[in-house]
Structure formats: C-alpha cells, structure tokens
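Each remark here refers to the structure printed beneath this line.
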Amino acid sequence: MHLKINDYYVLYTSPAPPFIDGNNRLMIPLRAVGNLLGARVTYEPKTKTAVVAFGDDTLRLAVGSSTAWVNGQAIEMDTEPVMIRQSMFIPAKILMEAFHFAGEWDRRHRILTLRDARFFNAAIEDFKDMQLKVASVSDHVFVPRSFELQYEISDIEVNGEMLSWLDQRMNIRMINTENRAISDDEAEIWVLTSIADGYSTHSRFRESVKAGESFEIAFDGSGGGSWKTDDIQFIALFSRLLPNPS
Numbered sequence: 028m029h030l031k032i033n034d035y036y037v038l039y040t041s042p043a044p045p046f047i048d049g050n051n052r053l054m055i056p057l058r059a060v061g062n063l064l065g066a067r068v069t070y071e072p073k074t075k076t077a078v079v080a081f082g083d084d085t086l087r088l089a090v091g092s093s094t095a096w097v098n099g100q101a102i103e104m105d106t107e108p109v110m111i112r113q114s115m116f117i118p119a120k121i122l123m124e125a126f127h128f129a130g131e132w133d134r135r136h137r138i139l140t141l142r143d144a145r146f147f148n149a150a151i152e153d154f155k156d157m158q159l160k161v162a163s164v165s166d167h168v169f170v171p172r173s174f175e176l177q178y179e180i181s182d183i184e185v186n187g188e189m190l191s192w193l194d195q196r197m198n199i200r201m202i203n204t205e206n207r208a209i210s211d212d213e214a215e216i217w218v219l220t221s222i223a224d225g226y227s228t229h230s231r232f233r234e235s236v237k238a239g240e241s242f243e244i245a246f247d248g249s250g251g252g253s254w255k256t257d258d259i260q261f262i263a264l265f266s267r268l269l270p271n272p273s
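Residue 28 is where the sequence shown starts when you use the working numbering, and the numbers rise one by one after that.
Right, here's the structure in full:
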C-alpha cells in the first residue's frame, strides 16, 4: 500500500515508510505529518503523547490508546498509535477526520491519496518551482507497486572541510495504469530525496511502456553537502503525463 499527497507518491519517510497495521489502517510517522503536511507537531516523551495542530483544529493522541481528542472532544479510533524505532506512528484516518482532509482510496492499486490545498513542504515547493514548470495532464499515469531502498550517510573531508555524503540505491516497480502504450516523450518520473537543511537530490526518468505493463526503475546516486543528519527525511515520486507539445 502507498500514500499519495496531492500530486506525489510518498515512497519513504523517516524512520520508516507508512505501513498497514493489524487493523488494516495506514499508519504515518508523526514527523512526516509535520514535514510533509505542514502541521505543527509536538511530542511529550514521558507520556508518549502527541499534539498536532493544523489550521484552527487540534488533535491530541497517545501511544497505545484508541482515544483521540479533537478540539477537546473525545473520539474513539479503531486502532492505536504505535512506536517504531523511537518514532510515533499515527493513523491517517484520524488526520482526515480531525482536519477535514479529502481522502481517496484506490482499491485496485491500494493507494490512499490525501488532498488539501493547505499542505506545505518547502523542499517539495522549491522542487516544483525549479523542475515542474509545465503542468501535467495526469499525476497517476505510472503508479508505484513496490519500493526498495538502501542508503548510507557518512562524513568525508573535502579541502579540509567535513561534509556529509549520501550514497543511495533504489529499486522502484511501477505499472502503466493507462489503457494505451506511453512513449518516453509523453511522460516523466521524478524522484526527490530530501535530507535536511534544504538539501535534496532529484532524478528524472523517461520510459516507453506498453498498456498495463509493469516495469522497474533502478537508481544509484550520491551527493554531499554541509548538512548534518543521520537519516533521509522523505522520498517523493512524481508521475506525470505531459501535455501534447503540438
């Protein structure tokens, strides 16, 4: 199952990608709610309680409790927040209910899309301004089916200055959802890796794909900067059907 936010797919979030829990609910890292949606997030380690504020609404919830509080009113959830790798994961469903996000469930491809004009991430917006200047006809021509990531962040010395260096390898399996073949000049796939302090890398792929065909993108990349972190914040994928140039 995959998460889509407005016009991009979320392949990875720190410290782990979204997942389906035992109650068949999509769980999202709390830090991704702040990073990708632009919500104001606070967390109290002693009580394992999080407060999420978005617009005029506030959501409070705790690890291991099925009770959430929206603007001071108790709401019973059908699952519970959990801790994974010292990070809190919360149900996407309660975010939709608390903040009135529009949600679309693609049963065939098992994709939950959250839509809201208020969502904001600086790295996403900067990337769009620089690379996606032409509006797309469709943002779901190619749909991700599986994703594998291997990466390492290490410190290196360059001209007497210590820098952080990222080496990453991705394998992304996708499918053409159109009822026709797509040529490599009709569509494009962009993968954006965001790390920290505004540092990010991006890669562009063009594929000719038959109708309904599955295909795989393999990517090896590296880059460095003065940022200091030990993790990737998120990896986003844009799948774009381009307008006819004529």
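Glycine included, every Cβ here is placed at the ideal spot set by N, Cα and C.
Every value quoted in this text rests on a predicted model; they were computed, and no experiment measured them.
Whole-angstrom distance between residue j and residue i, CA atom to CA atom
i, j, result
"A125", "D105", "15 Å"
"I180", "E188", "16 Å"
"D194", "D247", "8 Å"
"A338", "P108", "Nothing about residue 338 can be read from this structure; the chain reaches only from 28 to 273."
"R172", "I199", "8 Å"
"M201", "A89", "36 Å"
"F81", "R67", "6 Å"
"W132", "T140", "6 Å"
"M110", "M28", "20 Å"
"Q177", "E243", "16 Å"
"I151", "I183", "27 Å"
"I216", "T69", "34 Å"
"G49", "R137", "16 Å"
"E71", "G130", "29 Å"
"T85", "N62", "17 Å"
"F268", "D34", "The sequence as given places Leu at residue 268; Phe does not occur at that position. Roughly 12 Å between the two C-alpha positions."
"Q158", "V97", "38 Å"
"V37", "F174", "10 Å"
"I259", "I222", "5 Å"
"T94", "S41", "25 Å"
"V170", "L264", "10 Å"
"D83", "F46", "28 Å"
"S163", "R112", "37 Å"
"S191", "V185", "10 Å"
"D156", "P44", "26 Å"
"F154", "F128", "23 Å"
"R134", "I32", "16 Å"
"E234", "S114", "37 Å"
"K73", "T220", "32 Å"
"G91", "D212", "49 Å"
Continuous beta strand (DSSP E) stretch holding residue i: start and end
i, result
"L64", "Looking at the DSSP string, L64 is not in any beta strand (DSSP E); the run it does join, the alpha helix (DSSP H), is L57 to L64."
"M197", "E188 to N203"
"F116", "S114 to P118"
"F300", "Lying outside 28 to 273, the shown extent of the chain, residue 300 is not represented and no answer is given."
"K31", "H29 to I32"
"A238", "Segment: none, A238 is in no beta strand (DSSP E) and carries neither H nor E."
"I209", "No beta strand (DSSP E) contains I209, which DSSP labels as neither H nor E."
"D84", "D84 to A89"
"S266", "F261 to L268"
"V109", "V109 to I111"
Under 8 Å between C-beta atoms of residue i and residue j
i, j, result
"S210", "V218", "no"
"D166", "S227", "no"
"Y39", "F232", "no"
"V78", "L122", "no"
"R87", "T76", "yes"
"V168", "P270", "no"
Residue i: CB within 7 Å of a non-hydrogen atom of the ligand GTP
i, result
"R135", "The ligand GTP is absent from the structure shown, which contains no ligands of any kind."
Extent of the continuous alpha helix (DSSP H) run through residue i
i, result
"D156", "A149 to Q158"
Bridge partner(s) assigned by DSSP for residue i
i, result
"D133", "I138"
"D247", "R196"
"S230", "V218"
"F146", "Paired residues: none, contrary to the question."
"T94", "E103"
"T69", "V78"
"S41", "Per DSSP, none; premise fails for S41."
"M54", "F46 and P118"
| said: Between the region 236-246 and the region 206-216, can you find at least three pairs of beta-carbon atoms closer than 8 Å? | reply: yes
| field | the region 44-61 in contact with the region 118-132 per 3-pair CB rule at 8 Å | value | yes
| said: I want to know whether the region 141-149 touches the region 97-104 - three or more CB-CB distances under 8 Å. | reply: no
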